[in-house]
Structure formats: C-alpha cells, structure tokens
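In the working numbering, the protein residues as written are 364 to 656. Even glycine gets a Cβ: it sits at the ideal position worked out from N, Cα and C. Below: the structure, in structure tokens.
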C-alpha cells in the first residue's frame, strides 16, 4: 500500500481500517536504507598447468581477426560442441552462449591437441536448449599464445581461481567451466585470467582457462561494459576503441546466472547475456572485452 502526500502540505492524518490479530502495525516514516553488498573474494592459483603453445608463421604487423561459430550442441547434461580456427589463425578467445538466453550451461574451455587449440562449450543439467561455442581467431606476425588452466576453486560463492600468464604475455582469452552450472563467469585483469564460483556445495567449484598471448609491440586493454538490464535475455555490450582489435570476449556477474558472451556482429565489440530474471539490487552481467593494438 502506497500513500502520496499532496505537494502543498508536509503532513496528513490517515484513518486506516485493518483486519488482523490485534498486533500493533508500525509504518516507517522515511525510506529504508541499507549498506551496499560487500563482495569478498578469496583467490587461489592451485593446480596451474600448461596445455600447449603455438606460434604464428603468417600474418602482418596488424591484427586480422574473425569470429567462428560451432554447430549447436545437443540438449542435455554435459552435451558438448567444439569450434576450431582454420590454418594460419591462432585462437585468442573462447566463449559460449545458450540459445534460449538462460543461464543453464556449464561454460566453456580451451582444449589443445595436434598443435592447435579448440574451444568447447558444455551444456548443463536441466537444459532446454543447445549451447554454441564461439572462437575468436586471429593472425599477426610472430604472435605466440600459451594455453593454461588452473583449478578447481574452493567451493562457495565468490571463491575465485586464477591463472597468471607467463613472461610478457597478456591474458587475452579467459573462460570459466564448472561441472554443475554454478559460476559467475571469467575476466582478464591484465595479468591473470580469473574465474569465480557461485555455489555452496562442496562439489560446486570452477576451473579457469586462459589464452596468454604476446607479439612484438602488442598492447592490450581490458574494457568492461555497463551492467545489463535485469530481465532474462537482456544484453550488455562494450566496444573496443578506435584502432584496437577485439581479441577476447567474456561475461561476468557477481551474482552468477550468466547466459554467455560472444563478439558482436561488427567484430569490434563484446556482448554478454543475462541468464535469468533478477531482483532490483542484484548484479546483472557485464561484458568484458580484451582489445589490442
């Protein structure tokens, strides 16, 4: 029940009849206030290992990148779909999305075999739609990428697992993967790829995967979007600055329930998808772009 005072007076007396058990009803006289939610992250780097390394033998001193899409996965728990880059390209980014805009997915990760990386997306328990893997495939002279992973994280909300890129390489492609669908996503912070969990059970942990890349005179920046709306399917987008090339794209939310991320149709921006309806005050999703020159 809401009451609005007329604009020309500062107080008014209301007579209200209430059916109840006789207990006193106290109405607040001012708007309630609350402290902002404080997020406390515990970061570990456990079980870091290298999956593989690749060096470009083609390209120019300028970035040339394209986005490649997998076939759709089957519907169901742990159903997968893969996408690879073509000859002459190096995979710098791996992301995925649900085709119904929901958050029911296990994430994505880099695989490495026969001298090349593959991006794999994984569907989740109780899924009602396929998932799609999305790879960012680039060429540039003397581009080198090392693929790494770490994890699992500790169980619990806001528990983070990170992998630090070696030497002078930059974390351009960051992914999160979990066995049970509870995760907040992944992001690059300029030195590490960080993935965050979103579940309290002992088996609700998350893994992080990273593409750590370097090239002569390569400079990269991490660009983060404004939050999406609160409705399922709402989007958040961020665009690289003039002269920059999008090489990595991911999604992150402090409150989980992400629907995935992918480069936009222009190839210059990253779009993230909100995976469920949220209450006011909850964190929605942010798109995280890694933009390089």
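- Looking at the DSSP output, residue 446 shares a beta bridge with 482.
- A Cβ-Cβ distance of about 5 angstroms is found for the pair residue 634 and residue 600, placing them in contact under the 8 angstroms criterion.
- For residue 566, there is no enclosing beta strand (DSSP E), since its DSSP letter is neither H nor E.
- Relative to residue 443, the option among 454, 429, 460, 615 whose CA is nearest is 460.
- Around the beta carbon of residue 477, a 10 Å sphere encloses fewer than 16 other beta carbons of the protein chains shown; the residue is thus reported as exposed.
- Note that the C-beta distance between residue 611 and residue 535 is below 8 angstroms.
- Residue 458 sits close to residue 624, with the two beta carbons spaced by under 8 angstroms.
- Residue pairing of residue 621 in beta bridges, as defined by DSSP: 637.
- Beta-bridge pairing by DSSP links residue 602 to 632.
- Beta-bridge analysis with DSSP links residue 522 to 405.
- Around residue 596, the same chain offers 464 as residues with beta carbons nearer than 6 angstroms, after the five sequence neighbours per side are excluded.
- Taking the CA atoms as reference points, residue 511 sits about 13 angstroms from residue 481.
- At a Cβ-Cβ threshold of 8 angstroms, residue 538 and residue 470 count as neighbours.
- Around the beta carbon of residue 494, a 10 Å sphere encloses 16 or more other beta carbons of the protein chains shown; the residue is thus reported as buried.
- A contact between stretches requires three or more CB pairs, one per stretch, nearer than 8 angstroms, and the stretch 579 to 594 fails this requirement with the stretch 405 to 414.
- At a cut-off of 3 residues, the continuous stretches assigned as beta strand (DSSP E) that sit fully inside the stretch 494 to 565 are 494 to 502, 507 to 513, 522 to 527, 533 to 540, 546 to 551, 555 to 560.
- In this structure the stretch 568 to 579 touches the stretch 517 to 537; the number of beta carbon pairs closer than 8 angstroms is three or more.
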